[in-house]
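FYI, in this note's numbering the residues of the sequence shown are 15 to 126.
Written below as structure tokens is the structure these notes are about.
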Amino acid sequence: MGHLAEFNRGEIFLDANILLYEFTSHPRFGSSCHELVAKTEQGAVKSFLSPFVITEIIHKLMILETCDRFNLHISAAITYLKNTPPRDQKPVTVSSGARSHLSITSSDNSHH
Numbered sequence: 015m016g017h018l019a020e021f022n023r024g025e026i027f028l029d030a031n032i033l034l035y036e037f038t039s040h041p042r043f044g045s046s047c048h049e050l051v052a053k054t055e056q057g058a059v060k061s062f063l064s065p066f067v068i069t070e071i072i073h074k075l076m077i078l079e080t081c082d083r084f085n086l087h088i089s090a091a092i093t094y095l096k097n098t099p100p101r102d103q104k105p106v107t108v109s110s111g112a113r114s115h116l117s118i119t120s121s122d123n124s125h126h
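Structure (structure tokens):
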């Protein structure tokens, strides 16, 4: 990651770790990741993310928050999250109207 500081223009695909290191102020890589994000915000660099990367970031931040909130090791936080369903979350459903509008078939939405 030492080469991120040299990336000053163009396009780049961001991996989850770049944003995680920036968000968590990683001691080794946080600064260079922060600089790259700042270059994106300034418009010097055009950055791309995939939906998979976004969900990976959210998932890892959720684990880290659980570690902090309950003073747990990462493996214990993962076990806690698997065994403790959210109390205020309702199941996600997709109405048939939204499904047809978005061209979602039952094979696309196995949790239907």
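For every residue, glycine included, the Cβ atom is placed at its ideal position computed from N, Cα and C.
For my contact list, residue i and residue j are in at a C-beta cut-off of 8 Å; report their separation, rounded to the angstrom.
i	j	result
Asp29	Val59	The Cβ separation is near 14 Å, so there is no contact.
Count the other C-beta atoms from every protein chain shown that fall within 10 angstroms of the C-beta of residue i, then say buried if there are 16 or more, exposed otherwise.
i	result
Ile72	exposed
Lys53	buried
Thr119	Note that Thr119 scores a pLDDT of 48, beneath 50, so its modelled location is shaky and nothing firm can be said.
For residue i, which residues from the same chain have a beta carbon less than 7 Å from its beta carbon, with the 5 sequence-adjacent residues on both sides left out?
i	result
Ile92	Ile77
Tyr94	Thr80, Phe84 and Leu86
Leu63	Leu28
Leu34	Ile71 and Lys74
Given residue i, which residues of its chain have a CB within under 8 Å of its CB, disregarding the five upstream and five downstream residues?
i	result
Asn22	Lys53, Ala58 and Val59
Which class does residue i belong to by DSSP, given the choice of helix, strand or coil?
i	result
Ser61	strand
Phe43	coil
Arg101	coil
Sort out for me which residues DSSP pairs residue i with in a bridge.
i	result
Phe21	None, per the DSSP bridge assignment.
Ile26	Ser61
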